[in-house]
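Chemist: Add 665 to the 1-based position in the sequence shown for the working numbering, that's all there is to it.
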Amino acid sequence: MPIVQRVSQAINAVVEKFLFVIGAAICIILFAQVVFRYAGASLGWSEEVSRHLLVAITFMGGTVAYKRASFIGLQGFGHSLGPAVQQAIVVGLQVLTLACFGLIAWFGAVYTVKAAEHTTSSLQIPMAIPFSVIPVAFAIFVVHVLADMARTLERKTP
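1) Would a C-beta distance cut-off of 8 Å place Q752 and R820 closer than the cut-off?
2) What span of residues does the alpha helix (DSSP H) with P748 cover, start to end?
3) Checking the sheet assignment: what are the DSSP bridge partners for P791?
4) Are the stretch 766-779 and the stretch 796-812 in contact at 8 Å, needing three or more beta carbon pairs?
5) From A675 to A812, what distance separates their C-alpha atoms?
6) Compute the distance between the beta-carbons of L708 and A690, then report whether it is under 8 Å.
7) Less than 8 Å between the beta carbons of F806 and Y703, yes or no?
8) Assuming V808 and V680 are in contact, meaning their beta carbons sit under 8 Å apart, how far apart are those beta carbons, in whole angstroms?
9) Does DSSP classify G705 as helix, strand or coil?
10) How close, in whole Å, do the beta carbons of V729 and L768 come, if the pair is a contact with beta carbons under 8 Å?
11) Judging by CA-CA distance, which residue of A706, C765 and S745 is the nearest neighbour of P800?
12) Within the same chain, show all residues whose beta-carbon is closer than 8 Å to that of A781, passing over the 5 residues directly before and after it, in chain order.
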């Protein structure tokens, strides 16, 4: 197995555990918010933290969905044209996907750096911290696409 596929699997295993921790944290924070609000002392930071964690779950969860191939796939005319043409189409689409994810990772990193001078409203932490999930997630997407490309290219066409 190529190293990029092993790295992709290792990253995915870590991200899946990370998603579980974030999901549990959101549940605990929102439950605590309900309890504190019922007691008459609202937690002012809970909604902001939950929102940022939910965004992180969305982006990082997308990487797991991609790795598991849980997105909608299209079985089109590539099958009717033979395995060599089908492989060429798949590689072409992977190259386009790689370029798209690479651009989003790049611009996400640039935007994250620009956001460092702004702070969140209740926690007063740099906005770069919650925004950093964008370039990190899309860098993970890039690794997963490279692993898929390696798998596609190692298949022999008859």
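C-beta: ideal position from N, C-alpha, C; glycine also.
Modeler: In terms of the structure at hand:
1) yes
2) P748 to K779
3) T784
4) yes
5) 12 Å
6) no
7) no
8) Contact doesn't hold; Cβ gap of about 11 Å is too wide.
9) Here G705 sits in coil by DSSP.
10) Not confirmed; about 21 Å, so no contact.
11) C765
12) Cβ within range, chain order: P791, M792 and A793.
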